[in-house]
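Engineer: Here the numbering used here = 1-based position in the sequence shown + 77.
Sharing a structure, written as structure tokens. Questions coming.
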Amino acid sequence: MDSLSPRKERILKAVVLEYVETAEPVGSGLIVERYDLGVGPATVRNELADIAERGYLEQPHTSSGRIPSDSGYRYYVDRLTDADYVETSSTVRDINNVEELLADTCRLLARVTQHVSVAATLRERSVTVRQVSLTSITPQRALMVVVFSNASVEDRLIESSQDLTAEDLARVAHVMTQASEGVKLKPLSRRSTPSNDDLKPSSQNLLSRAWRELRSLAKSKSEGKVISEGTAYLVNQPEFQRDYQALTEIVQALEDANVLQEAIEGPASSESGVAIGRENTADALKRLAVIAARFYIDGEDAGAIAVIGPTRMHYESTVPLVRQTARALTDALTRLSK
């Protein structure tokens with residue numbers, strides 16, 4: 078990445094800031110009028126042309142001003158923003174359910190930024206079963222509750238038998254916990270039903286049914302969860318109001334959990350936490366920027382949260398906001414896991 082002189086950097090920053098606000102090309106006259114550069118329009122025009130030759134600006138039409146290119150946004154994010162600056166702040170409410178916590182956080186982040194917000198939990202990695210419990214609901218139904226190491230809790234109704242006592246259910250749950258505790262989800266989804274000769278036939282039947290549900294649950298959870306909020310905000314972006322086809326393709330891509338997982342994984346694992354335009358792998362997202370940060374549970378990687386919007390984005394406030402939200406999620410999820 079070619080370095081720019083201090084004056085060129087100030088001009089590039091001015092173009093980014095103005096274009097983010099208006100979605101209109103920025104001319105030399107506007108820059109001279111609003112920014113104290115100590116030079117006239119002719120000098121600024123020459124500087125704009127030079128910055129464009131270096132690939133940091135584009136000119137949509139010969140008679141129009143300049144707009145930032147993907148490389149220009151990248152230069153701005155990497156070199157011209159203050160990573161410690163936060164224009165606004167968000168808080169994560171004290172919620173006892175992981176999925177509800179992530180959905181609530183995404184709604185808040187989308188509302189604050191006016192962009193799409195996405196949270197994705199890990200597909201497998203270190204998530205394991207912590208405990209299984211069984212409780213009688215009716216004479217023919219038992220409730221299985223499974224607690225996982227990432228603080229998530231899942232429950233399933235299991236067909237039971239009228240002759241099973243609370244003690245019988247506790248024994249079955251104990252067998253299941255012993256056989257599944259500490260086992261990662263993918264291996265658990267393939268593990269055979271544990272055997273125990275001390276269980277009576279009706280308990281063995283319950284164990285088989287409950288274990289089948291546990292395996293199914295492990296399989297679905299090993300794929301991870303993706304939660305998104307705020308897709309409607311894209312409709313209000315000027316660049317997409319003028320290009321309905323692009324908007325349709327983007328919305329369809331944002332409805333694909335696999336696309337979203339891949340879209341936020343790259344930037345969440347990078348030093349800058351940002352993927353801009355053509356840096357995105359999915360073709361439909363190449364007009365967007367993705368700002369992402371990882372969150373953790375008790376020091377273990379648990380997933381990522383992101384904001385997705387047009388490349389014309391308020392990077393200077395959104396980058397630290399996403400990072401701050403990820404830290405707040407880490408604190409809340411770690412508390413839930415205790």
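Glycine included, C-beta positions come from ideal geometry on N, C-alpha and C.
Find out if the Cβ-Cβ distance for the pair residue 323, residue 317 is shorter than 8 Å.
Structural biologist: Within the sequence shown, the letter at position 246 stands for residue 323. Within the sequence shown, the letter at position 240 stands for residue 317. Taking 8 Å as the Cβ cut-off, residue 323 and residue 317 qualify as a contacting pair.
Engineer: Output the residue ranges of the alpha helix (DSSP H) runs that lie fully inside the segment 109-144 and measure 4 residues or longer, sorted by chain position.
Structural biologist: Counting only runs of 4 or more, we get 118-130.
Engineer: Skipping 5 residues on each side, what residues in its chain have a beta carbon closer than 7 Å to that of residue 338?
Structural biologist: Position 261 of the sequence shown, counting from 1, holds the residue named residue 338. Here the set comprises 197, 301 and 303.
Engineer: Tell me, to the nearest whole angstrom, how far the beta carbon of residue 341 is from that of residue 369; I am working on the premise that it is less than 8 Å.
Structural biologist: Within the sequence shown, the letter at position 264 stands for residue 341. Within the sequence shown, the letter at position 292 stands for residue 369. That belief holds up - the Cβ atoms of residue 341 and residue 369 are roughly 4 Å apart, short of 8 Å.
Engineer: Helix, strand or coil: which one does DSSP assign to residue 381?
Structural biologist: By one-based count along the sequence shown, residue 381 stands at place 304. It is a strand residue.
Engineer: Among 357, 353, 89 and 101, which one has its Cα closest to the Cα of residue 127?
Structural biologist: For the purposes of this step, residue 127 is taken as residue 50 along the sequence shown, with counting starting at 1. With distances taken between Cα atoms, residue 127 lies closest to 89.
Engineer: Count the other C-beta atoms from every protein chain shown that fall within 10 angstroms of the C-beta of residue 234, then say buried if there are 16 or more, exposed otherwise.
Structural biologist: Numbered from 1 along the sequence shown, position 157 holds the residue referred to as residue 234. Burial call: exposed.
Engineer: Could you tell me how far apart the beta carbons of residue 330 and residue 361 are, in whole angstroms, since I believe they sit closer than 8 Å?
Structural biologist: Counted from its first residue, the sequence shown places residue 330 at position 253. Counted from its first residue, the sequence shown places residue 361 at position 284. The pair is a contact, with the Cβ atoms about 4 Å apart (cut-off 8 Å).
Engineer: Residue range of the beta strand (DSSP E) that residue 103 falls in?
Structural biologist: Taking the first residue of the sequence shown as 1, we reach residue 103 at position 26. Per DSSP, residue 103 is not a residue of any beta strand (DSSP E), being assigned neither H nor E.
Engineer: Along the chain, where does the alpha helix (DSSP H) that runs through residue 96 open and close?
Structural biologist: Position 19 of the sequence shown, counted from the first residue, corresponds to residue 96. Taken as a continuous stretch (DSSP letters only), the alpha helix (DSSP H) holding residue 96 covers 83-99.
Engineer: Considering just the uninterrupted stretch of the beta strand (DSSP E) at residue 150, what are its terminal residues?
Structural biologist: Here residue 150 corresponds to residue number 73 of the sequence shown, with the count starting at 1. Note, residue 150: premise wrong, no beta strand (DSSP E); alpha helix (DSSP H) at 147-152.
Engineer: If contact is defined by three or more beta carbon pairs under 8 Å, each pair taking one atom from either stretch, is the segment 242-250 in contact with the segment 199-215?
Structural biologist: yes
Engineer: Residue range of the alpha helix (DSSP H) that residue 396 falls in?
Structural biologist: Stepping through the sequence shown from its first residue, residue 396 is reached at position 319. Looking at the DSSP string, the run of the alpha helix (DSSP H) that includes residue 396 is 392-414.
Engineer: May I ask you to verify whether the segment 347-359 touches the segment 218-232, counting CB pairs closer than 8 Å and requiring at least 3?
Structural biologist: no
Engineer: Whether or not the segment 258-267 and the segment 289-300 are in contact is what I'm after, with contact meaning three or more pairs of Cβ atoms, one per stretch, closer than 8 Å; do they touch?
Structural biologist: yes
Engineer: Can you tell me whether DSSP reads residue 347 as helix, strand or coil?
Structural biologist: Within the sequence shown, numbered from 1, the residue matching residue 347 stands at position 270. In this structure, residue 347 counts as coil in the three-state DSSP scheme.
Engineer: Report the rounded CA-to-CA distance for residue 82 versus residue 92, giving the unit in angstroms.
Structural biologist: Working through the sequence shown from its first residue, we reach residue 82 at position 5. Working through the sequence shown from its first residue, we reach residue 92 at position 15. Taking the straight line joining both Cα atoms gives about 15 Å.
Engineer: Mind the definition here: the segment 96-115 touches the segment 382-397 only if three or more C-beta pairs lie below 8 Å; say whether that holds.
Structural biologist: Yes, the segment 96-115 touches the segment 382-397.
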